[in-house]
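Trainee:
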Amino acid sequence: MRRFPIQRREFLKFSVLAAAGSGLRGQQTQSFLAPAGAPDVAKTDFTLEIAPVTVELAPNRIVSTIGYNGTSPGPRLRMKEGVPVTVKVNNQTDVPELVHFHGLLIPSEVDGAEEEGTPMVPPHGTRTYQFTPAPAGTRWYHTHTMSMDDLHRGTFTGQFGFLIIEGKNDPGHYDQEHYLALRDWEPYFTNQMMDTDDLDPISAQPEKPSVLDTRPNGLEVTADFYSINDKALGAGEPIRVNSGERVLFHFLNASAIENRHLALPGHKFNVIGLDGNPVPAPAPVDVLMLGPGERIDAWVEMNQPGVWILGAPEDPVREGGLGIVIEYANKHRTPEWTPPPKSAWDYTIFGKPPSGPAPADKLDMVFEKIPRGAGRFNSFTVNGKPYPHQQEFLLKQGTRYRLTFHNRTDDAHPLHLHRHQLELVEIYGKGTSGVIKDTVVVPAYGRASVDFTADQPGPTLFHCHIQHHMDYGFKALLRYV
Ligand SMILES: [Cu+2]
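This is the structure:
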């Protein structure tokens, strides 16, 4: 799904890009690359305070939201794999909250999902999460409350941050390392959406019904303002590089609403990890795609001296702020953007050939959209039924399952399973193996299969990571029998 409002916000385009090329550079002392006074070392005790914050995306664009420890994104939490941690959460807001630790293999009671039985952090109260972080890799944490029709709740707020679990493996030698979270701000409801699918893979649509549902759609959520971490394009410090450096990026799509693409003119992203897990076949690509919830670890060889925009290929998104300037040493000019070569995102190029027999135990999930099924909004069903699917998805501990997603809707959806790791085995009509994920974007009318082992007893939430879809039915609870 790549949709944005037809209406452009020219004034923001002007102000953000003017700032990028002006004398602002060097005047701003705040850099999100290495927060002062916060050494990036693994710890075992953390405190998160949930409270209102303001985020200065640009000098002319300040948003009010809810964040962690006075900022959004929240602090980067760095843990060691296998070393128990305590996370004390202090909720200073008037509503119950939850902190979900996304991509971790931890018990339901501390996973941070109400559906799984994790206790809420009461308003103006505290709760302590204790768990043993695993597996190593780029994870993240975020609120997991419902928003429904309130765009100031749940993942529409600034409650998100990176969570890094250090393993024993040598991450390799890189000259620089950066953590970049993609965000949108000030979301609103709209029915003026424009599909621009030219960047998406043109793949098989095995789930396309022979007769399409032509009923008018309900409202979706969109936004016009974007940032990487807390800064719109041009408003923060550039990433300063030297020719010949290898720079490792950890990207996170922390959006509540849309899949995102990223490109860096003249450079390639060497993808080494998806959702924090090393891929079997690292490969260079021109354009990255991340659905909400997904992470990509990729390094770039800085071999095109200049000043460039690393940003969204879609003009309204990039001009609305989704980008960051990459500035080579001794190069001072207006940041350049050129559209990337045509490119289709394909998880399978990072995988191995299909291997081994399919697990005998199968689970199928069929997703359908009911246009305006929830009044002004669309609703969704899984296997034709509303949540919670009491007897639908029962797991036997120790069993390996093949789970097949049938997306019978006209949108791509980022599908996330809590507390388990998914091995992608088929998507776009292609087989693969070895790509381990926790969130998979299944294209419109597409089908994908993943294998997973039921080795994490406890209720397990499955959902679309687009907040508005999850809240209106795109979720299911898997249970161990
Ligand atoms: Cu969705």
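Per the working numbering, the very first residue in the sequence shown carries number 979; after that it's consecutive.
Each residue gets a CB set at the ideal place from its N, CA and C atoms; glycine is no exception.
Source: prediction; values computed, not measured.
#1: What does the alpha-carbon distance come out to for the pair residue 1345 and residue 1163?
#2: Is it the case that the CB of residue 1167 approaches a heavy atom of ligand 1 more closely than 7 Å?
#3: Please report the distance separating the alpha-carbon of residue 1073 from that of residue 1021.
#4: Can you give me the C-alpha to C-alpha distance between residue 1185 and residue 1159, rounded to a whole angstrom?
#5: Cα-Cα, which of 1028, 1279, 1311 is closest to residue 1226?
#6: Would you grab the beta carbon distance between residue 1248 and residue 1238 for me? Rounded to a whole angstrom, and I think it's under 8 Å.
#7: Relative to the C-alpha of residue 1244, which candidate in 1315, 1107, 1321 has its C-alpha closest?
#8: Measuring from the CB of residue 1405, is there a heavy atom of ligand 1 at a distance below 7 Å?
#9: Looking at the unbroken beta strand (DSSP E) that takes in residue 1294, where does it start and where does it end?
#10: Based on DSSP bridge pairs, tell me the residues matched to residue 1346.
#11: Indicate whether residue 1208 and residue 1035 have their beta-carbon atoms separated by less than 8 Å.
#12: Report yes or no: do three or more beta-carbon pairs, one from the segment 1292-1303 and one from the segment 1265-1280, lie closer than 8 Å?
#13: Please classify residue 1448: does DSSP put it in a helix, a strand, or coil?
#14: What I want to know is whether the C-beta of residue 1444 ends up closer than 7 Å to one or more non-hydrogen atoms of ligand 1.
#15: Around the Cβ of residue 1174, are there at least 16 other Cβ atoms within 10 angstroms (buried) or fewer (exposed)?
#16: Between the beta-carbon of residue 1336 and the beta-carbon of residue 1397, is there less than 8 Å?
#17: Could you compute how far the alpha carbon of residue 1362 sits from the alpha carbon of residue 1450?
#18: So if DSSP puts residue 1163 in a beta bridge, which residue, or which two residues, is it bridged to?
#19: Could you tell me whether any Cβ in chain D is nearer than 8 Å to the Cβ of residue 1053?
#20: Taking the alpha carbon of residue 1355 as the point to measure from, which residue in 1229, 1446, 1223, 1192 has its own alpha carbon closest?
#21: Could you please give the first and the last residue of the uninterrupted beta strand (DSSP E) stretch that includes residue 932?
#22: Can you tell me where the alpha helix (DSSP H) with residue 1427 in it begins and where it stops?
#23: Residue 1443: which of 1088, 1032, 1104, 1124 sits nearest, CA to CA?
#24: Round the Cβ separation of residue 1155 and residue 1059 to the nearest angstrom and send it over; I've been treating them as touching at under 8 Å.
#25: Measure the C-alpha to C-alpha separation of residue 1223 and residue 1061 and round it to an integer number of angstroms.
#26: Per DSSP, which one or two residues make a beta bridge with residue 1065?
#27: Ligand 1 and residue 1452: does any heavy atom of the ligand fall closer than 7 Å to the residue's C-beta?
#28: Could you tell me whether the segment 1081-1094 touches the segment 1128-1138, using the rule of 3 or more Cβ pairs below 8 Å?
#29: Is the beta carbon of residue 1389 within less than 7 Å of some heavy atom of ligand 1?
#30: On the criterion of 16 or more Cβ atoms from any shown chain inside 10 Å, does residue 1220 qualify as buried, or is it exposed?
#31: Assuming the contact rule is C-beta atoms closer than 8 Å, residue 1391 and residue 1420 should be a hit. Round their C-beta distance to whole Å, please.
#32: DSSP state of residue 1088, grouped into three classes?
#33: Looking only at its chain, what residues have a beta carbon closer than 6 Å to the beta carbon of residue 1108, apart from the 5 residues adjacent to it on each side?
#34: Buried or exposed for residue 1233, going by 16 or more other Cβ atoms inside 10 Å?
#35: Within 8 Å, do at least three Cβ pairs link the segment 1425-1438 to the segment 1400-1409?
#36: Can you determine whether any heavy atom of ligand 1 sits closer than 7 Å to the C-beta of residue 1447, and answer yes or no?
Mentor: The short version:
#1: On the sequence shown, residue 1345 is found 367 positions in, with the first residue counted as 1. On the sequence shown, residue 1163 is found 185 positions in, with the first residue counted as 1. Rounded to the nearest angstrom, the gap between the Cα atoms of residue 1345 and residue 1163 is 28 Å.
#2: In the sequence shown, residue 1167 corresponds to position 189, counting from 1. Residue 1167: no, Cβ never under 7 Å from ligand 1.
#3: Within the sequence shown, numbered from 1, the residue matching residue 1073 stands at position 95. Within the sequence shown, numbered from 1, the residue matching residue 1021 stands at position 43. Cα to Cα, residue 1073 sits roughly 29 Å from residue 1021.
#4: In the sequence shown, counting from the first residue as 1, residue 1185 sits at position 207. In the sequence shown, counting from the first residue as 1, residue 1159 sits at position 181. When only Cα atoms are considered, residue 1185 and residue 1159 end up about 32 Å apart.
#5: Here residue 1226 refers to the residue found at position 248 of the sequence shown. Nearest to residue 1226 by C-alpha distance, out of 1028, 1279, 1311, is 1279.
#6: The count along the sequence shown starts at 1 and reaches residue 1248 at position 270. The count along the sequence shown starts at 1 and reaches residue 1238 at position 260. Taking 8 Å as the upper bound for CB-CB distance, residue 1248 and residue 1238 are not in contact here, some 19 Å apart.
#7: Here residue 1244 is taken as the residue at index 266 of the sequence shown, counted from 1. With distances taken between Cα atoms, residue 1244 lies closest to 1315.
#8: Position 427 of the sequence shown, counted from the start, is the residue given in the question as residue 1405. Outside the cutoff, so no.
#9: Counted from its first residue, the sequence shown places residue 1294 at position 316. Taken as a continuous stretch (DSSP letters only), residue 1294 belongs to no beta strand (DSSP E), being part of the alpha helix (DSSP H) at 1293-1297.
#10: Position 368 of the sequence shown, counting from 1, holds the residue named residue 1346. When DSSP reads this structure, residue 1346 sits in a beta bridge with 1359.
#11: Within the sequence shown, numbered from 1, the residue matching residue 1208 stands at position 230. Within the sequence shown, numbered from 1, the residue matching residue 1035 stands at position 57. Using a Cβ distance threshold of 8 Å, residue 1208 and residue 1035 count as a contacting pair.
#12: Output reads no: the segment 1265-1280 does not touch the segment 1292-1303.
#13: Taking the first residue of the sequence shown as 1, we reach residue 1448 at position 470. Three-state DSSP puts residue 1448 in a helix.
#14: Looking up residue 1444 in the sequence shown gives position 466. Residue 1444: yes, Cβ under 7 Å from ligand 1.
#15: As a working note, residue 1174 is residue 196 in the sequence shown. In this prediction, residue 1174 scores a pLDDT of 49, lower than 50, which makes its location untrustworthy; no coordinate-derived value is stated.
#16: Indexing the sequence shown from 1 puts residue 1336 at position 358. Indexing the sequence shown from 1 puts residue 1397 at position 419. No, these two residues do not count as a Cβ contact at 8 Å.
#17: Here residue 1362 refers to the residue found at position 384 when the sequence shown is read from its first residue. Here residue 1450 refers to the residue found at position 472 when the sequence shown is read from its first residue. Answer to the nearest angstrom: the Cα atoms are 14 Å apart.
#18: As a working mapping, residue 1163 is identified with position 185 in the sequence shown. Answer is 1203.
#19: No chain D appears in the structure shown, which is made up of a single protein chain.
#20: If you number the sequence shown from 1, residue 1355 lands on position 377. That would be 1446, whose Cα lies nearest to the Cα of residue 1355.
#21: Missing from the structure shown is residue 932; the chain here goes from 979 to 1459 and no further.
#22: Position 449 of the sequence shown, counted from the first residue, corresponds to residue 1427. In the DSSP assignment, residue 1427 falls outside any alpha helix (DSSP H) and lies within the beta strand (DSSP E) extending over 1425-1431.
#23: For the purposes of this step, residue 1443 is identified with residue 465 of the sequence shown, where counting begins at 1. Looking at the Cα atoms, 1124 is the closest of the given residues.
#24: Within the sequence shown, the letter at position 177 stands for residue 1155. Within the sequence shown, the letter at position 81 stands for residue 1059. Their Cβ separation, rounded to whole angstroms, is 18 Å, which puts residue 1155 and residue 1059 out of contact at 8 Å.
#25: Here residue 1223 refers to the residue found at position 245 of the sequence shown. Here residue 1061 refers to the residue found at position 83 of the sequence shown. C-alpha of residue 1223 to C-alpha of residue 1061: approximately 33 Å in a straight line.
#26: Walking along the sequence shown from the start, residue 1065 turns up at place 87. The partner list for residue 1065 (beta bridge, DSSP) reads 1024, 1107.
#27: Here residue 1452 refers to the residue found at position 474 of the sequence shown. When distances are taken from the beta-carbon of residue 1452 to the heavy atoms of ligand 1, the shortest one is below 7 Å.
#28: The segment 1081-1094 vs the segment 1128-1138: no contact.
#29: In the sequence shown, residue 1389 corresponds to position 411, counting from 1. With a cut-off of 7 Å, the C-beta of residue 1389 is classified as near ligand 1, since at least one heavy atom of the ligand falls inside that distance.
#30: As a working note, residue 1220 is residue 242 in the sequence shown. By the neighbour-count rule (16 or more Cβ atoms within 10 Å), residue 1220 is not buried but exposed.
#31: Working through the sequence shown from its first residue, we reach residue 1391 at position 413. Working through the sequence shown from its first residue, we reach residue 1420 at position 442. 6 Å between Cβ atoms; contact.
#32: Walking along the sequence shown from the start, residue 1088 turns up at place 110. Residue 1088 falls in the helix class under three-state DSSP.
#33: Counting from one through the sequence shown, the residue named residue 1108 turns up at place 130. A distance below 6 Å between beta-carbons, with the five flanking residues on each side excluded, links residue 1108 to the following residues of its chain, in chain order: 1064.
#34: One-based indexing of the sequence shown puts residue 1233 at position 255. Around the C-beta of residue 1233, 16 or more other C-beta atoms lie within 10 Å, and the residue is accordingly described as buried.
#35: Touching, yes.
#36: Here residue 1447 is taken as the residue at index 469 of the sequence shown, counted from 1. Relative to ligand 1, the nearest heavy atom lies less than 7 Å away from the CB of residue 1447.
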